[in-house]
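Chemist: Structure below; questions to follow.
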Amino acid sequence: MKFKEKLIDTIRRPKKIVQKVAYETLKNFGNRDYKNFVVLSRSRTGSTMLVSLLNHHDNIKCYGEILNNSKSIKSIDDIYDKQPTFINALGFKLFYYHGAKEDSFSVWKELLNKDNLFIIHLKRKNILRTIVSRKIANKTDVWNSAERKTDLENKKVTLNPKSVMESIRKTKKMVNWGDNLFHEKDMVKVYYKSLVERKEKVMENIFEKLNVPESNVHSGTSRQNPEKLNNLIKNYNQVVEYFEETKFEWMLRE
Numbered sequence: 359m360k361f362k363e364k365l366i367d368t369i370r371r372p373k374k375i376v377q378k379v380a381y382e383t384l385k386n387f388g389n390r391d392y393k394n395f396v397v398l399s400r401s402r403t404g405s406t407m408l409v410s411l412l413n414h415h416d417n418i419k420c421y422g423e424i425l426n427n428s429k430s431i432k433s434i435d436d437i438y439d440k441q442p443t444f445i446n447a448l449g450f451k452l453f454y455y456h457g458a459k460e461d462s463f464s465v466w467k468e469l470l471n472k473d474n475l476f477i478i479h480l481k482r483k484n485i486l487r488t489i490v491s492r493k494i495a496n497k498t499d500v501w502n503s504a505e506r507k508t509d510l511e512n513k514k515v516t517l518n519p520k521s522v523m524e525s526i527r528k529t530k531k532m533v534n535w536g537d538n539l540f541h542e543k544d545m546v547k548v549y550y551k552s553l554v555e556r557k558e559k560v561m562e563n564i565f566e567k568l569n570v571p572e573s574n575v576h577s578g579t580s581r582q583n584p585e586k587l588n589n590l591i592k593n594y595n596q597v598v599e600y601f602e603e604t605k606f607e608w609m610l611r612e
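Numbers 359 to 612, taken from my numbering, label the letters of the sequence shown in order.
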């Protein structure tokens, strides 16, 4: 986190503590008169950063991977429950594969039938970066930049080019599936690179869609693996050779 953002966070922290107490106190006396939304994505796309930014807004509440972590969710009413009157938008993080083979799959059907639902579809064009990021996280057990720093040598991973190619194709299918599934809903498509490089503009657009005031929000996380892929992949040349003259070759150069 940059010094300026740390300073702002320090100044705002007492306010956030007061607001958290107010939230817990007033929740049971609240209502459901707010905008419903979903952050649709997959892992390692910047979803933790986006959820953190959303939760930094005074009038937004965004849960994490609630369908993945809780078996008690049987209906969207369990998610979109009573909220304090100062909450104008409530949502949660939903990965393509959450609850797909469980009872909570019915929640997906309910979401499709929900009128007042806004979809924030978070994508990462360079899917290879997503795969490398996940492999590094599995190796180091560091899942976001707020935990601890990892030196470059410990980050380096070896890839199976064929498996990576299959994973890229599978992810592209999931992304297209998500677009098609919610094509009748009000949706904004957010790309990881834009979120990192043009955060203010991206969030301004989302806040407008959620009908909440503009706010200078920031996240406690940052990009974890900014290094070039040839420094992160041990068998980089082997991967380059396999990807050569394919439509995914560009992902190695970015």
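Backbone N, C-alpha and C fix where the C-beta goes; we use that ideal spot for every residue, glycine too.
(1) Would you mind reading off the limits of the alpha helix (DSSP H) that contains residue 564?
(2) Could you say which of 385, 591, 406 and 392 lies nearest to residue 553 if we only look at CA atoms?
(3) Since residue 494 and residue 515 should fall inside the 8 Å C-beta cutoff, what is the C-beta to C-beta distance between them, to a whole number of angstroms?
(4) Can you list, in chain order, the residues of its chain whose CB lies under 8 Å from that of residue 390, leaving out five sequence neighbours each side?
(5) Which one of 565, 595 and 612 has the shortest CA to CA distance from residue 414?
(6) Would you call the CB atoms of residue 540 and residue 477 closer than 7 Å?
(7) Could you spell out where the beta strand (DSSP E) holding residue 525 opens and where it closes?
(8) For residue 586, tell me which candidate among 475, 610, 570 and 605 has the shortest Cα-Cα distance.
(9) Taking buried to mean at least 16 other C-beta atoms within 10 Å of its own C-beta, is residue 365 buried or exposed?
(10) For residue 441, which of helix, strand or coil comes out of DSSP?
(11) Which of helix, strand or coil does DSSP assign to residue 602?
(12) Quick check on the burial criterion: 16 or more other C-beta atoms within 10 angstroms. Buried or exposed for residue 369?
(13) Which residue from 479, 426, 467 and 387 puts its Cα closest to that of residue 537?
(14) Please list the terminal residues of the continuous alpha helix (DSSP H) segment that includes residue 545.
(15) Buried or exposed: which applies to residue 528, given that a residue is buried once 16 or more other Cβ atoms fall within 10 Å of its Cβ?
(16) So for residue 389, helix, strand or coil by DSSP?
(17) Check for me: the alpha helix (DSSP H) holding residue 513 runs from which residue to which?
(18) Pick from 588, 449, 544 and 533: whose alpha carbon is nearest that of residue 510?
(19) By how many angstroms is the C-alpha of residue 470 removed from the C-alpha of residue 433?
(20) Is the Cβ-Cβ distance between residue 513 and residue 590 less than 7 Å?
(21) Which residues in the same chain have their Cβ closer than 7 Å to the Cβ of residue 449, if we skip the five residues on either side of it in sequence?
(22) Starting from the C-beta of residue 598, find all residues in its chain whose C-beta is less than 7 Å away, skip the five residues before and the five after it, and write them out in chain order.
(23) Taking all protein chains shown into account, decide if residue 387 is buried (16 or more other Cβ within 10 angstroms of its Cβ) or exposed.
(24) Can you give me the Cβ contacts of residue 392 inside the same chain, cut-off strictly under 7 Å, excluding the 5 residues immediately before and after it?
Modeler: According to the data block:
(1) Within the sequence shown, residue 564 is the residue found at index 206, counting from 1. First-last of the alpha helix (DSSP H) with residue 564: 557–567.
(2) Position 195 of the sequence shown holds residue 553. Ranking the options by Cα distance to residue 553, first place goes to 406.
(3) By one-based count along the sequence shown, residue 494 stands at place 136. By one-based count along the sequence shown, residue 515 stands at place 157. Going by Cβ atoms, the distance from residue 494 to residue 515 rounds to 6 Å, so yes, they are a contact pair.
(4) Taking the first residue of the sequence shown as 1, we reach residue 390 at position 32. Contacts found: 438, 439, 440 and 441.
(5) The residue given as residue 414 occupies position 56 in the sequence shown. Nearest C-alpha to residue 414: 565.
(6) Translated into the one-based positions of the sequence shown, residue 540 becomes position 182. Translated into the one-based positions of the sequence shown, residue 477 becomes position 119. Taking 7 Å as the Cβ cut-off, residue 540 and residue 477 qualify as a contacting pair.
(7) Sequence index remark: in the sequence shown, residue 525 carries index 167 (1-based). Looking at the DSSP string, residue 525 is not in any beta strand (DSSP E); the run it does join, the alpha helix (DSSP H), is 519–539.
(8) Looking up residue 586 in the sequence shown gives position 228. Per the Cα distances, 610.
(9) In the sequence shown, residue 365 corresponds to position 7, counting from 1. Unreliable positioning characterises residue 365 in this predicted model, as indicated by a pLDDT of 47, which lies under 50. The coordinate reading is nonetheless provided below. The residue is exposed, with fewer than 16 neighbouring Cβ atoms inside 10 Å.
(10) By 1-based counting over the sequence shown, the position of residue 441 is 83. Reduced to three states, the DSSP call for residue 441 is strand.
(11) Numbered from 1 along the sequence shown, position 244 holds the residue referred to as residue 602. The answer is coil: DSSP assigns residue 602 none of H, G, I, E or B.
(12) Counting from one through the sequence shown, the residue named residue 369 turns up at place 11. Unreliable placement is indicated for residue 369, whose pLDDT of 47 sits below 50; the coordinate value is still reported in the next sentence. So residue 369 ends up on the exposed side.
(13) Numbered from 1 along the sequence shown, position 179 holds the residue referred to as residue 537. Comparing Cα positions, the closest option is 479.
(14) Numbered from 1 along the sequence shown, position 187 holds the residue referred to as residue 545. Here residue 545 belongs to no alpha helix (DSSP H); instead the beta strand (DSSP E) covers 544–549.
(15) Looking up residue 528 in the sequence shown gives position 170. Result: exposed.
(16) Here the question's residue 389 lines up with position 31 in the sequence shown. DSSP places residue 389 in strand when its eight states are reduced to three.
(17) Indexing the sequence shown from 1 puts residue 513 at position 155. Run containing residue 513: 510–513, per the alpha helix (DSSP H) assignment.
(18) Locating residue 510 in the sequence shown gives position 152, where the first residue counts as 1. For residue 510, the nearest C-alpha among the options comes from 588.
(19) Start at 1 with the first residue of the sequence shown, and residue 433 comes out as number 75. Start at 1 with the first residue of the sequence shown, and residue 470 comes out as number 112. Roughly 13 Å separates the two Cα atoms.
(20) By 1-based counting over the sequence shown, the position of residue 513 is 155. By 1-based counting over the sequence shown, the position of residue 590 is 232. In contact: residue 513 and residue 590 (Cβ atoms closer than 7 Å).
(21) Numbered from 1 along the sequence shown, position 91 holds the residue referred to as residue 449. Result list for residue 449: 394, 395, 396, 397 and 420, in chain order.
(22) Numbered from its first residue, the sequence shown carries residue 598 at position 240. 610, listed in sequence order.
(23) As a working mapping, residue 387 is identified with position 29 in the sequence shown. Classification for residue 387: exposed.
(24) As a first step, residue 392 is located in the sequence shown; it is residue number 34 there, counting from the start. So the list reads 441, 445, 446, 447 and 448, once near-sequence residues are dropped.
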